[in-house]
Amino acid sequence: MGNKCVVVFVGPSGIGKTSNARLLSRRFNFARSICITTSPPWDDDDEECCRYVDKVTFLQMIKRNQFIEWDQYGDNFYGTTWESIRLCDKPDCPGLVICSSPAGYPQIKSNLENVIGISLLPESGDIAWLNKKLKDRGTNSPDDIEVRTKILESYIHETKNLELPTVYLGYEPETWERAFTEIIEIIKQAGFKISDR
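Per numbering that gives the first Met the number 0, the very first residue in the sequence shown carries number 0; after that it's consecutive.
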């Protein structure tokens, strides 16, 4: 990838990893990684960056070493393909953005260069709004919400243990722009020059 960076958002489900990845792509021309998952599609998923496979296919892809990183979340598997690297080939693309689990981040760090990990965590440790957001999406089954709620606290703890630069988000939209500005500053402080489109 040469002098291009790999921005990795790590944090619990619903915190805003995908939303911030979309913003980096739209405003700064970052390539978004390709996620392969066994999860059923959500209404707000971006089919350009998400591909759906069955569990047998996913496990075969693991055996064929097709993932930069992968993890299991509840009953579903998620992984970032090596194919994602090619998305950065355009000269005006400053790098790749990946949404990862705490377990996936060390895999990315060991497989790629120029990695900038950024933890996205709830303000004041308040996870009630994350649960509300999962319910408000209307795309998760009650069983899925229950599984995600149980995993939420452990994900927050595991994310904190990575000791990455951290950006805190809240449920209110006014926190989102501030958080995105902080993300841009972290990337610049790491020595990478990015400019708005």
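Quick reminder that beta carbons are idealized off the backbone N, C-alpha and C, glycines included.
List the endpoints of the continuous beta strand (DSSP E) containing residue i.
i	result
residue 99	94-99
residue 151	Residue 151 -> not in any beta strand (DSSP E); alpha helix (DSSP H) instead, spanning 141-160.
Using a threshold of 8 Å, state whether the C-beta atoms of residue i and residue j are closer than that.
i	j	result
residue 70	residue 77	yes
residue 11	residue 151	yes
residue 37	residue 64	no
residue 154	residue 105	no
residue 79	residue 68	yes
residue 186	residue 48	no
residue 183	residue 93	no
residue 172	residue 14	no
residue 135	residue 73	no
residue 179	residue 19	yes
residue 7	residue 107	yes
Who are the near neighbours of residue i in its chain, counting only those whose CB is closer than 7 Å to its CB and skipping five residues on each side?
i	result
residue 91	28
residue 168	14, 15, 119, 121, 122, 174, 175 and 178
Mind checking which residues open and close the alpha helix (DSSP H) that includes residue i?
i	result
residue 188	173-188
residue 26	16-27
Grab me the residues of residue i's own chain with a C-beta within less than 8 Å of its C-beta, minus the 5 sequence neighbours each way, in chain order.
i	result
residue 131	170
residue 54	37 and 76
Tell me, please, whether the stretch 113-126 touches the stretch 156-170 by the rule of three or more beta-carbon pairs shorter than 8 Å. yes
Contact the stretch 94-102 vs the stretch 29-36: 3+ CB pairs below 8 Å: yes
Output the residue ranges of the alpha helix (DSSP H) runs that lie fully inside the stretch 53-102 and measure 4 residues or longer, sorted by chain position. 54-62
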